[in-house]
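As structure tokens, the structure follows; a few thoughts come after it.
Here it is in structure tokens:
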């Protein structure tokens, strides 16, 4: 049995994941979708694989999710991606580690105990006139905040577990959109471009973005792929998000836990890594 870990808040799977479930079922695999908060952990520990592709609420209780990961691992469960990859990817400070290794990452400063004074200090020292504040444990753009004079120390973003990242706002996201570049076992699969709504600046699906397949130059694909080479192990599935700035790919985030892989949007799924993913899971 293969288990897709969902969550209590969003128990239903989306269309792209249904394609995966249906393909696995045709291969003879039993697939169940169960919230990761399920008290009976045996269903996860005894599964052939556990994929947390719908654990869309873990950032609200990150310590509980970490505890679940370790209990499943120690109970013999086979998580994909691996617990080590997931634990590292949960906290967005991994971007600082990648930047130190030479990856072209959106410039970032980490504040474990954020405050207005500290954010203002970063603004002055880095000459960032327009900034974005992001919880280090965050999903789907929740609490991502454009810095302004209206921000106070009472804003929810300052209360985020684990602290925040402070980044300059990258204006190219409005003109170029954000690329979501998908890889299966480190091999390029397909890409989409997420264009923010005309009255917004965020490229997350919940903010009415336009999402369309896009063909990319090999240079951009290689720049995106290179960020995966710095991981301790190659993930089964990965979505590399970033923006084209000065004709080069700038990494925004690595999505290695519960990314939408957008298989439902591609014109010919046989030209992607879909079959490679199914073969790995059903093999």
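Numbering (our numbering), first residue to last: 50 to 332. Don't be surprised by glycine CBs; every beta carbon is placed ideally from N, CA and C.
Any idea what DSSP makes of residue i, helix, strand or coil?
{"i": "residue 121", "result": "helix"}
{"i": "residue 35", "result": "Residue 35 lies beyond the range of the chain shown here (50 to 332); nothing can be said about it."}
{"i": "residue 132", "result": "helix"}
{"i": "residue 232", "result": "strand"}
{"i": "residue 92", "result": "helix"}
{"i": "residue 183", "result": "strand"}
{"i": "residue 27", "result": "With the chain represented from 50 up to 332, any question about residue 27 goes unanswered, as that position is not in the structure."}
{"i": "residue 301", "result": "strand"}
{"i": "residue 152", "result": "coil"}
{"i": "residue 98", "result": "strand"}
{"i": "residue 194", "result": "strand"}
Starting from residue i, trace the beta strand (DSSP E) both ways and give me its first and last residue.
{"i": "residue 238", "result": "236-244"}
{"i": "residue 213", "result": "213-217"}
With DSSP as the reference, identify every bridge partner of residue i, one or two as the case may be.
{"i": "residue 309", "result": "Answer is none; residue 309 lacks a bridge partner."}
{"i": "residue 54", "result": "83"}
{"i": "residue 227", "result": "243"}
{"i": "residue 259", "result": "244"}
{"i": "residue 158", "result": "215"}
Tell me where the alpha helix (DSSP H) around residue i begins and ends.
{"i": "residue 288", "result": "It is not in any alpha helix (DSSP H) - residue 288 instead sits in the beta strand (DSSP E) that spans 286-294."}
{"i": "residue 323", "result": "323-331"}
{"i": "residue 167", "result": "165-175"}
{"i": "residue 247", "result": "Taken as a continuous stretch (DSSP letters only), residue 247 belongs to no alpha helix (DSSP H), as it is neither H nor E."}
{"i": "residue 315", "result": "That residue, residue 315, is in no alpha helix (DSSP H); it is neither H nor E in DSSP."}
{"i": "residue 273", "result": "267-277"}
So is residue i buried or exposed if we call it buried at 16+ other beta carbons inside 10 Å?
{"i": "residue 6", "result": "Summary: the structure shown does not reach residue 6, with the chain confined to residues 50 through 332, and so no result is reported for it."}
{"i": "residue 266", "result": "exposed"}
{"i": "residue 208", "result": "exposed"}
{"i": "residue 77", "result": "exposed"}
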